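A.B. asks: Residue numbers (our numbering): 14 to 354.
Positions of the beta carbon are idealized from the N, C-alpha and C atoms, including for glycine.
These figures come from a predicted structure and were not determined experimentally.
Pasting a structure below so you can have a look.
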């Protein structure tokens, strides 16, 4: 359907909301290579591949946002937009290479992350995007190419075509065993301008949780963009790796097994170790508790009664000698196994 100013004006006056089917898949296919796949799937873009809106000079890092704000090209900026359908086909014909499960999972997962992140669009950063995922089931009777029939996220028997989560993953990171002890960090040799661009993408469209690198938070480093970017890159990587996310960021990031966590700044993927202070407290308890018990035994005698009650008064020197002998014996009994281990 072709829109013009007259039809949009009538929508603005009568309904005050514009409903839009935003399907970047079609634009990607029709573009025949004009648009990078990363741009369509909400993935990190090479700075040279960024797409700017000639009307506003704003850079758009994904096609969904560009489609969402396309109505502004006709100077309609106050009409609320509701995306009534957006998705990706998971199966296509021999000539439909982009229609596959991997791309469908990546698009829909990143779309959900993008919407839940409440990041808005470049021209309306404070306006939350809303969308409906297209679609629940395939449409087997639909005409056209194979991809037209296969947009569903579930089979007719209600089993999932691919693992898609609608939960707000912005609050928790699913811990993948394969990623424990692995970290995605910034490449210190990368230009600061490139790191800044990748950092902005990770905390924006990438939906990384960057609250810990805000001023006053444990991972904030005002003069160290490498450290700040490392936290954002790593958070993004651990959130999205299962759905196709990578640790690349246009060559500004790399994988390492060296834990960058420091102090109270904890990176996702950190191996769970006991806190040093906690371990020290446990060791002190294990040493002192038996020692206190043995002091009680040595003070009263091995049979639990007062040593002077059965045989008359005991001289201080005699009691001191017996106490020290008993205490030393039990101290050796406690420490010897620890020293051997």
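Go through the stretch 79–154 residue by residue and report every complete run of the alpha helix (DSSP H) that reaches 4 residues or more, in order.
C.D. replies: 114–129, all fully within the stretch 79–154.
A.B. asks: From residue 99 to residue 268, what distance separates their C-alpha atoms?
C.D. replies: Approximately 33 Å, taken between the alpha carbons.
A.B. asks: If you draw a straight line from the C-alpha of residue 231 to the C-alpha of residue 55, how long is it?
C.D. replies: If I take the Cα positions, the gap works out to 28 Å.
A.B. asks: Any idea which residues DSSP pairs residue 239 with across the strands?
C.D. replies: Answer is none; residue 239 lacks a bridge partner.
A.B. asks: Report buried or exposed for residue 135, applying the criterion of at least 16 other Cβ atoms within 10 angstroms of its Cβ.
C.D. replies: By the 10 Å Cβ count, residue 135 comes out buried.
A.B. asks: With distances taken from CA atoms, which of 101, 143, 105 is nearest residue 32?
C.D. replies: The option with the nearest alpha carbon to residue 32 is 143.
A.B. asks: Look at the alpha carbon of residue 281 and the alpha carbon of residue 248, and state the distance between them as a whole number of angstroms.
C.D. replies: So the alpha carbons of these two residues sit roughly 6 Å apart.
A.B. asks: For residue 62, which residues from the same chain have a beta carbon less than 8 Å from its beta carbon, with the 5 sequence-adjacent residues on both sides left out?
C.D. replies: So the qualifying residues of the chain are 49, 51, 52.
A.B. asks: Let me check one thing: in DSSP terms, what residues is residue 267 bridge-paired to?
C.D. replies: Residue 267 pairs with 198.
A.B. asks: Counting only the same chain and skipping the five closest in sequence on each side, list residues whose C-beta sits under 7 Å from that of residue 161.
C.D. replies: Closer than 7 Å at Cβ, skipping near neighbours: 155.
A.B. asks: Rounded to the nearest angstrom, how far is the Cβ of residue 245 from that of residue 226, given a contact under 8 Å?
C.D. replies: With 8 Å as the limit, residue 245 and residue 226 qualify as a contact, their Cβ atoms being about 6 Å apart.
A.B. asks: Report buried or exposed for residue 218, applying the criterion of at least 16 other Cβ atoms within 10 angstroms of its Cβ.
C.D. replies: That one is buried.
A.B. asks: Leaving out five residues before and five after residue 197 in sequence, what residues of the same chain have Cβ atoms less than 7 Å from its Cβ?
C.D. replies: Excluding residues within five positions, the ones whose Cβ falls inside 7 Å are 246, 247, 250, 260, 266, 268.
A.B. asks: Throw me the rounded Cβ distance for the residue 150 and residue 169 pair, which I believe falls under 8 Å.
C.D. replies: Right, their Cβ atoms sit about 7 Å apart.
A.B. asks: Can you check DSSP and say which residues form a bridge with residue 72?
C.D. replies: Paired residue(s): 65.
A.B. asks: Whole angstroms is fine: what's the gap from residue 123's alpha carbon to residue 34's?
C.D. replies: Cα-Cα distance, rounded: 17 Å.
A.B. asks: Give the range of the alpha helix (DSSP H) segment to which residue 212 is assigned.
C.D. replies: Residues 205–216.
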